[in-house]
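Engineer: For the sequence shown, my numbering begins at 6 and goes up steadily by one.
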Amino acid sequence: MAFRPLLALLFCTIAIPQSRAEETPIDLGNERARFSYAIGYQIGSGLVRDQLDIDVEALSEAIGDAIAGIARLSREEQIAAIDAYRTRQLDQQNRQAVVNAQRAQDYLAKNRATEGVMETSSGLQYRVISSVTEGVSPTLEDNVTVHYRGSLIDGTQFDSSYDRGTPATFNLSAVIPGWQEGLQLMKVGETFQLTIPAELAYGKNGPPAIGPDQLLLFDVELISIN
6 MAFRPLLALL
16 FCTIAIPQSR
26 AEETPIDLGN
36 ERARFSYAIG
46 YQIGSGLVRD
56 QLDIDVEALS
66 EAIGDAIAGI
76 ARLSREEQIA
86 AIDAYRTRQL
96 DQQNRQAVVN
106 AQRAQDYLAK
116 NRATEGVMET
126 SSGLQYRVIS
136 SVTEGVSPTL
146 EDNVTVHYRG
156 SLIDGTQFDS
166 SYDRGTPATF
176 NLSAVIPGWQ
186 EGLQLMKVGE
196 TFQLTIPAEL
206 AYGKNGPPAI
216 GPDQLLLFDV
226 ELISIN
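(1) Measuring CB to CB, does ASP88 end up less than 8 Å from ARG77?
(2) Suppose you measure from the CA of LEU95 to the CA of ASN105; what does that come to, to the nearest Å?
(3) Am I right that ASP55 and PRO213 are in contact with their C-beta atoms under 8 Å? What's the rounded C-beta distance?
(4) Taking its Cβ as the centre, do 16 or more other Cβ atoms sit within 10 Å of GLU186, making it buried, or is it exposed?
(5) Please classify ASP55: does DSSP put it in a helix, a strand, or coil?
(6) Could you give the DSSP three-state label for TYR207: helix, strand or coil?
(7) Starting from GLY183 and walking both ways along the alpha helix (DSSP H), at which residues does that stretch end?
(8) In whole angstroms, what is the alpha-carbon distance linking TYR167 and GLU226?
(9) Taking the C-alpha atoms as reference points, what is the distance between THR138 and GLU36?
(10) Go through its chain and collect everything with a Cβ distance to TYR153's Cβ below 6 Å, but skip five positions before and after it.
(11) Evaluate MET123 with the Cβ neighbour count: other Cβ atoms within 10 Å of its Cβ, from every protein chain shown; 16 or more gives buried, anything less gives exposed.
(12) In chain order, which continuous runs of the beta strand (DSSP E) of length 3 or greater are located wholly inside the stretch 93-169?
(13) When you compare only the Cα positions, how much space is there between GLY45 and GLU82?
(14) Let's see if you can read the secondary structure: which residues bound the alpha helix (DSSP H) around LEU64?
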């Protein structure tokens, strides 16, 4: 969705050992095992969400070592390993940001000339997909209910309330600037396509599914003001 992300700025995938599916399932028949599994699953879900480049076998071994009071790397070595990883990821992020910014500028220039596209002083571009003759527009203080679909300029969809089958309700002040501005231009019952430059979205701090300095495309249907 268009809420400000709390995700880490990392862009890799988890390397799951191929033999994982062949392992014998553990017995989750007692409370201790289920609790332990739940904790582990939460950790794993966070790693997937943040797309950390994790060696699962090493991670599992490290958890066992920590519980046993064993450290194969000193505190200094652990800090150095984490710092090296962060440096590499930030370098990749910065290089990708340059590429994304250029693609965004090219897209905005082309889209600006498209029939029906309008642009505000902030750089937000929008096109009315369906309109109504009368209706109320929200303010920043309002809660709104919308259906939306978000994608990148290459067509990659990163979020969709339509796919979930449930519209989203939120306070307009809680979302990215491009949404704040765009929805205030809409009336209840209208659908707009919003073309949102990175500076009106997440900037360099885009979550892994989006990336740094990405231009975002949203089809937004304003269902109601609550």
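The C-beta atom is built at its ideal place from N, Cα and C for all residues, glycine as well.
Structural biologist: Let's see:
(1) By 1-based counting over the sequence shown, the position of residue 88 is 83. By 1-based counting over the sequence shown, the position of residue 77 is 72. ARG77 is positioned such that its CB atom lies no closer than 8 Å to that of ASP88.
(2) Taking the sequence shown and counting its residues from 1, the one referred to as residue 95 is at position 90. Taking the sequence shown and counting its residues from 1, the one referred to as residue 105 is at position 100. One C-alpha to the other measures close to 15 Å.
(3) The residue given as residue 55 occupies position 50 in the sequence shown. The residue given as residue 213 occupies position 208 in the sequence shown. Contact between ASP55 and PRO213 holds: their C-beta atoms lie close to 6 Å from each other, under 8 Å.
(4) If you number the sequence shown from 1, residue 186 lands on position 181. Buried, because 16 or more other Cβ atoms sit within 10 Å of the Cβ of GLU186.
(5) Residue mapping note: residue 55 aligns to position 50 of the sequence shown, counting from 1. ASP55: helix per DSSP, three-state reduction.
(6) Position 202 of the sequence shown holds residue 207. Here TYR207 sits in coil by DSSP.
(7) In the sequence shown, the residue the question calls residue 183 occupies position 178. Unbroken alpha helix (DSSP H) run through GLY183: 182-189.
(8) Indexing the sequence shown from 1 puts residue 167 at position 162. Indexing the sequence shown from 1 puts residue 226 at position 221. Computed Cα separation, rounded: 10 Å.
(9) The residue labelled residue 138 in the question sits at position 133 within the sequence shown. The residue labelled residue 36 in the question sits at position 31 within the sequence shown. Going from the Cα of THR138 to the Cα of GLU36 covers about 60 Å.
(10) Locating residue 153 in the sequence shown gives position 148, where the first residue counts as 1. Cβ neighbours of TYR153 beyond the five flanking positions: SER166, PHE223 and VAL225.
(11) Residue mapping note: residue 123 aligns to position 118 of the sequence shown, counting from 1. By the neighbour-count rule (16 or more Cβ atoms within 10 Å), MET123 is not buried but exposed.
(12) 122-124, 130-135, 148-157 and 162-165
(13) Counting from 1 along the sequence shown, the entry for residue 45 is found at position 40. Counting from 1 along the sequence shown, the entry for residue 82 is found at position 77. Rounded to the nearest whole angstrom, the C-alpha separation of GLY45 and GLU82 is 25 Å.
(14) Position 59 of the sequence shown holds residue 64. From DSSP, the alpha helix (DSSP H) with LEU64 extends over 61-73.
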